[in-house]
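Just add 1 to wherever you are in the sequence shown, counting from 1, and you've got this note's numbering. Built from N, CA and C at the ideal position, the CB exists for glycine as well. The structure displayed is predicted, hence computed values, not measured ones. A short worksheet on the structure shown next.
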Amino acid sequence: LVVLSTPEGNVRLYFDLHKLDAATRVKNPGEEAVREQAQKKGKKAQQLAGKVVFFDPSPPVKQGDEIILNLHWQVGFAKTVVVMSARVPEAARDAPDVKRFLSGDIEAIIVSLRRVGG
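Have a look at this one:
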């Protein structure tokens, strides 16, 4: 799934869903998987709306004449891990849609994540 910010379209947000249904000894394997990833990368996981989250940006990359910022959030809850990756042109980092996304939209999206069925 890919979502574009409006109206400017400077943020491209990609979602990757991982369903963890394998037999496991932990009650919430999604949360544990995210905690482990954060620890491996020397990052701190936090709680947000009953989910375990950590922010994991990648170094900027050059695509043609443009520098692209790559921002990643890993979100774990129950048997689910969601990896959200936002790609933002560095030249647009101060654009209204980017500021809105980073100052509140991303948190609202994380809060709204839920597993339906299964």
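For residue j and residue i, believed in contact at Cβ under 8 Å, the rounded distance
i: alanine 16; j: alanine 39; result: Rather than alanine, the amino acid found at residue 16 in this sequence is phenylalanine. That pair is no contact at about 19 Å.
i: lysine 45; j: valine 76; result: Contact doesn't hold; Cβ gap of about 15 Å is too wide.
Buried or exposed (CB count within 10 angstroms, at least 16 for buried), residue i
i: glutamate 37; result: exposed
i: alanine 34; result: buried
i: threonine 7; result: exposed
i: lysine 28; result: exposed
i: leucine 5; result: exposed
i: alanine 93; result: buried
i: leucine 14; result: buried
Length of the line joining the Cα atoms of residue i and residue j
i: glycine 105; j: isoleucine 111; result: 10 Å
i: serine 113; j: alanine 96; result: 24 Å
i: glutamine 64; j: arginine 26; result: 43 Å
i: arginine 115; j: glutamate 67; result: 35 Å
i: leucine 103; j: alanine 79; result: 25 Å
i: glutamine 47; j: tryptophan 74; result: 11 Å
Beta-carbon proximity check, residue i vs residue j, cutoff 7 Å
i: alanine 109; j: valine 12; result: no
i: glycine 31; j: leucine 21; result: yes
i: proline 58; j: leucine 72; result: yes
i: valine 99; j: valine 84; result: no
Where the alpha helix (DSSP H) through residue i begins and ends
i: aspartate 98; result: 97-101
i: valine 112; result: 107-113
Continuous beta strand (DSSP E) stretch holding residue i: start and end
i: arginine 88; result: 81-90
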